[in-house]
Amino acid sequence: MADDEERDNAVSRKATGTERVEYTAAEIARQKSKFQETIVMQSAELLKKLKIQSIPQPEFAELSELISHNFGIKVGENKRTLVTGRVHPMMEKYGFATHRDFLEAIKRDKSGQLLSELANRISTNHTAFYREDGHFRLLSGTVLPAIVDGKNARGDKDLRVWCAACATGEEAYTILFTIMRHFGYSYSSWRAGVLATDISADALATARRGVYASQRIEPIPRDVLATYFDRVDRDNYEVKPEYRQEVTFRRLNLIKDSYPFKQKFDIIFCRNVMIYFSRPTRTELIGKLHDWLVPGGYLFIGHSESLVGTWKGYDYVAPAVYRRND
């Protein structure tokens, strides 16, 4: 699935020497479409080379419905090649001869193990440290001061933050680093930390380990890296154990599960996940998030997502940032 970080009205610029070339939103969309077509064509060629049979249309339609119902993810006909490649390792692992056998086994599996593994295969875990970094500047410069001032006035030292759809953990750790740097030495006097959830057990396992390759940590400022990470070896860095324990990772299906929380949150990050959902699913999720925010709490979503015309319980704060207004 392509990364959709560009806003609808965005202007992209790139510099070549002293020359600056500007692209309109329409040109960006055309380039993105061409890129997606290229990926699909390359995937199809790879499947041919590997002699992998594409999922027949009836089975694909049924699998698409199963994925939508259980995970809220839209999988259109244009994703058939992609899905074929992602489920093929599962079919080989369990010895399924046909896609029909694969589907029937998932439906019969009362343990939910196959469905869970399918979630790992289908879900997109693209993330990065300091992705859409303007959000973290806003968190530190505006959101946290407003929340902390209000809590100090009430004698409340409980800061509750939820990172939904946390993938492999980079976003959750970035939120933590931002909070800890904001509080400084006073952090220990707060009941803070971050709850991070995701549907993918594999992604959560990576997040809990907190080990990232050198190219993954490139966006991290050098002083942040020196404070919160240890170098494991030439190619890997590890979030220090004392900071890993400040993030609680839990498996949660945002669509199917009831949310097992005891208290509401001051801040929720749910970024770049709704783009994969149908409109009714997005509306339902936005309502759930609203219910789990304290009045005046903040919701951060992806820059390619919007609440405009979807839900009236939020006030606009900044691009892709909203505040519960009741």
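Counting in this note's numbering, the sequence shown runs from 48 upward without gaps.
Where is the CB? At the ideal position from N, CA and C, for every residue including glycine.
- Bounds of the beta strand (DSSP E) holding G343 are L340 to F347.
- Secondary structure note for I194: its alpha helix (DSSP H) is the uninterrupted segment L191 to R201.
- Cα atoms of Y290 and G240: separation of roughly 9 angstroms, rounded to the nearest angstrom.
- Excluding residues up to 5 positions away in sequence, Y177, T221, I222 and T225 lie with their Cβ nearer than 8 angstroms to the Cβ of F183 in the same chain.
- One alpha carbon belongs to P342, the other to E352, and they sit about 22 angstroms apart.
- By the Cβ rule, the region 270-289 does not count as touching the region 189-198, because fewer than three pairs are nearer than 8 angstroms.
- Residue ranges of uninterrupted alpha helix (DSSP H) with 4 or more members, entirely inside the region 255-322 and ordered along the chain, are 269-275 and 288-291.
- In chain order, C213, T215, G216, A219, A243 and F296 place their CB closer than 7 angstroms to the CB of A254, counting only its own chain and leaving out the 5 sequence neighbours on each side.
- The alpha carbon of S187 has as its nearest neighbour, out of H350, Y363, G349 and Y345, the alpha carbon of Y345.
- With contacts defined as CB atoms closer than 8 angstroms, A248 and N167 qualify as a contacting pair.
- Taking a contact to require three or more Cβ pairs closer than 8 angstroms, the region 303-320 and the region 277-293 do not qualify as touching.
- Under the Cβ criterion (8 angstroms, minimum of three pairs), the region 125-145 does not count as touching the region 316-334.
- In the three-state DSSP reduction, F118 falls in the helix class (H, G or I).
- Considering only W339, L185, N300 and D156, the residue with the shortest C-alpha distance to D313 is W339.
- Going by DSSP, L186 is part of no alpha helix (DSSP H) at all; its letter is neither H nor E.
- In this structure, H173 keeps its C-beta atom at 8 angstroms or more from the C-beta atom of P103.
- T128 carries a helical assignment under DSSP once its states are collapsed to helix, strand and coil.
- Measuring C-alpha to C-alpha distances from Q262 to each of R201, A175 and I333 identifies A175 as the nearest.
- Boundaries cannot be given for Y234, as no alpha helix (DSSP H) includes it and DSSP labels it neither H nor E.
- In the three-state reduction of the DSSP assignment, L150 falls in the helix class.
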